[in-house]
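Here the sequence shown stands for residues 356 to 537, where the numbers follow our numbering.
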Amino acid sequence: MDNGEIAVSKALALHLLCTLGLAAGFFAAGIAYNLSLVTDPAQTLSFLLVFETPIVVASYSFVRRDHDRPYWEAVSMALFGLPVGALLNALGAIVLGAPVGPKYWISTIYWSCLMSLFTFVPAVCVFGWSRMDWQRIIANSKPKQATDCLVSLPAQGAIVGAWLGAWPMPLDWEMPWQVIAP
């Protein structure tokens, strides 16, 4: 694995662990705290962020490209990369129409952090701050190794999924289930 190769079983296990962690966090938020994305979006997103962050950071840090770099360094880079990615996601969301008023600011911040956890943090864990790796992943020119796909495809899926989830919202505008409680 020192040259970026990873077994298919490890890649599947990593994605399964992250997916099950997210599902368990969503289930726990609903059962233990009676939280829902419809009624309490900010609290639910913050709970999911706290629940999923250790899972994503720990699992992606194990498949870091440079095994000469210590595990704790990959973890610390990920924890530094989380707010950096959140800032980039928030700026992109605001440019694309996310509300910026004080009423919605907390929800936008938590959403940006969660999107950063799915898009930016895995790349930081695996590649560190290598300019060449980042350039190749962002351009998605040619995935040279399995770790390139391991990082880029789920990140692209998260971005496309968020966009597809938000796209039909204006079609249901002012429906009873979208009324925001004071």
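Beta carbons are placed, not taken as given, at the ideal position from N, Cα and C, and that holds for glycine.
*Gly452 versus Pro498, Asp423, Trp518 and Phe406, residue with shortest Cα-Cα distance*: Counted from its first residue, the sequence shown places residue 452 at position 97. Ranking Pro498, Asp423, Trp518 and Phe406 by Cα distance to Gly452 puts Trp518 first.
*What first and last residue would you give for the alpha helix (DSSP H) that runs through Asn444?*
Numbered from 1 along the sequence shown, position 89 holds the residue referred to as residue 444. From DSSP, the alpha helix (DSSP H) with Asn444 extends over Tyr426 to Val450.
*From Ile461 to Arg424, what distance separates their C-alpha atoms?*
Here residue 461 corresponds to residue number 106 of the sequence shown, with the count starting at 1. Here residue 424 corresponds to residue number 69 of the sequence shown, with the count starting at 1. Cα-Cα distance, rounded: 35 Å.
*Considering Asp503, what are the terminal residues of the alpha helix (DSSP H) in which it resides?*
Translated into positions along the sequence shown, residue 503 becomes position 148. Run containing Asp503: Ala501 to Ala521, per the alpha helix (DSSP H) assignment.
*Cα-Cα separation, Thr394 to Arg420*: One-based indexing of the sequence shown puts residue 394 at position 39. One-based indexing of the sequence shown puts residue 420 at position 65. Computed Cα separation, rounded: 41 Å.
_Our contact map puts Tyr415 next to Val481 with C-beta atoms below 8 Å; I'd like the distance itself, whole angstroms only._
Taking the sequence shown and counting its residues from 1, one reaches residue 415 at position 60. Taking the sequence shown and counting its residues from 1, one reaches residue 481 at position 126. About 6 Å; that satisfies the 8 Å criterion.
*Going by Cα to Cα distance, which pick from Met470, Gly483 and Ala494 is closest to Gly512?*
Here residue 512 is taken as the residue at index 157 of the sequence shown, counted from 1. Of Met470, Gly483 and Ala494, the residue nearest in Cα terms is Met470.
*Look at the Cβ atom of Ala408, then the Cβ atom of Leu472, and state whether they are nearer than 8 Å.*
Residue 408 sits at position 53 when you count from the first residue of the sequence shown. Residue 472 sits at position 117 when you count from the first residue of the sequence shown. This sequence places Thr at residue 408; Ala is not what is there. Cβ distance < 8 Å, so Thr408 and Leu472 count as in contact.
_Extent of the continuous alpha helix (DSSP H) to which His370 belongs_ = As a position in the sequence shown, residue 370 is number 15, starting the count at 1. Start and end: Val363 to Ala387.
*Expressed to the nearest angstrom, what Euclidean distance is found between the alpha-carbon atoms of Trp484 and Gly456?*
Position 129 of the sequence shown holds residue 484. Position 101 of the sequence shown holds residue 456. Note on geometry: alpha-carbon atoms of Trp484 and Gly456 lie some 33 Å from one another.
*Assigned secondary structure, Phe475 (DSSP; H/G/I helix, E/B strand, else coil)*: Against the sequence shown, residue 475 aligns to sequence position 120. Residue state, collapsed to three classes: coil.
*Can you tell which of Gly385, Leu442 and Ile449 has the C-alpha that lies nearest to the C-alpha of Phe475?*
Numbered from its first residue, the sequence shown carries residue 475 at position 120. Considering only Gly385, Leu442 and Ile449, the residue with the shortest C-alpha distance to Phe475 is Leu442.
*To the nearest angstrom, report how far apart Met356 and Ala501 are at their CA atoms.*
In the sequence shown, residue 356 corresponds to position 1, counting from 1. In the sequence shown, residue 501 corresponds to position 146, counting from 1. Unreliable positioning characterises Met356 in this predicted model, as indicated by a pLDDT of 42, which lies under 50. A coordinate reading is not provided.
_Which of helix, strand or coil DSSP assigns to Ala494_ = Against the sequence shown, residue 494 aligns to sequence position 139. Three-state result, Ala494: helix.
*Which of helix, strand or coil does DSSP assign to Arg486?*
Counting from one through the sequence shown, the residue named residue 486 turns up at place 131. It is helical.
*Give me the Cα-Cα distance between Thr463 and Leu369, rounded to the nearest whole angstrom.*
Indexing the sequence shown from 1 puts residue 463 at position 108. Indexing the sequence shown from 1 puts residue 369 at position 14. Straight-line Cα distance between these residues: approximately 28 Å.
*Buried or exposed: Asn444, going by 16 or more other Cβ atoms within 10 Å of its Cβ?*
On the sequence shown, position 89 is the one that residue 444 refers to. The residue is buried, with at least 16 neighbouring Cβ atoms inside 10 Å.
*Would you give the residue range spanned by the alpha helix (DSSP H) that Thr394 belongs to?*
As a first step, residue 394 is located in the sequence shown; it is residue number 39 there, counting from the start. From DSSP, Thr394 is part of no alpha helix (DSSP H); its letter is neither H nor E.
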